[in-house]
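Q: For the sequence shown, the working numbering assigns the number 1369 to the initial residue and increments by one for each residue that follows. For reference, the structure I am asking about is given below.
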Amino acid sequence: MKKLLITFLIVFGCIAESMAQTYEYQIVTVIESIVPNGLGRSRMISANETRDFAEFTTTRSEEDDSRNKSDRSEIRVKGFDETKLLNFYNLGGIRFQNIAANDALVMSKLNSMAEQGWELAFINSGVESDGGKEDGNGIFVTRYTFKRQK
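Laid out in structure tokens, this is it:
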């Protein structure tokens, strides 16, 4: 009975501690151009500034159609890291060396974040690709969301 009680207290303590943990998050966004002929721009971006979403959020209802009066320019972040990446295409078509080079740079960033105590929590990706003859644009976006205990 004593062992059962001790086990229960340990398990309950672990659960309570994990529920009480707070995390901070950091997002790294990789934008890789899939514009033919190497005309696009590819970058890895991470913000060095924070914003409070509540300052730019408006709650609306049918009775109240008020708008948030904050200036959109206040949302912009001017402090960020921008790492140049290579485009997926050049005049000769798809460049596998460019993809491998981008992978090496992204891997370096991921390893650096891990060394700083960040844990990779989520990866989201999306693509807007060539929509036909009239659409020569496209990007591939990957967002890496990291977390670490405060």
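Beta carbons: idealized from backbone N, C-alpha and C, even for Gly. Model, not experiment: these values are computed from the prediction.
1) Note the first and the last residue of the continuous beta strand (DSSP E) segment covering Val1474.
2) Which value, in whole angstroms, describes the spacing of the CA atoms of Trp1486 and Lys1515?
3) If you compare alpha carbons, which of Thr1390, Arg1444 and Gly1408 is closest to Ser1497?
4) Per DSSP, what kind of secondary structure is Glu1442 in: helix, strand or coil?
5) If you compare alpha carbons, which of Gln1389, Ile1462 and Arg1419 is closest to Trp1441?
6) Mapping DSSP to helix, strand and coil, what is Phe1456?
7) Report the three-state DSSP secondary structure of Ile1395 (helix, strand or coil).
8) Identify every residue that forms a DSSP beta bridge with Asp1420.
9) Using alpha carbons as the reference points, say which of Lys1518, Gln1517 and Tyr1512 lies closest to Val1398.
10) Grouping DSSP H, G and I as helix and E and B as strand, with all else coil, what is Ile1374?
11) Check Arg1428 in the structure and name its three-state DSSP category.
A: Taking the coordinates as given:
1) Looking at the DSSP string, Val1474 is not in any beta strand (DSSP E); the run it does join, the alpha helix (DSSP H), is Phe1464 to Glu1483.
2) 5 Å
3) Gly1408
4) helix
5) Sequence inspection shows Ser at residue 1441; the Trp mentioned does not correspond to that position. Ranking Gln1389, Ile1462 and Arg1419 by Cα distance to Ser1441 puts Arg1419 first.
6) coil
7) strand
8) In the DSSP output, where bridge partners are listed per residue, Asp1420 has none listed.
9) Tyr1512
10) helix
11) coil
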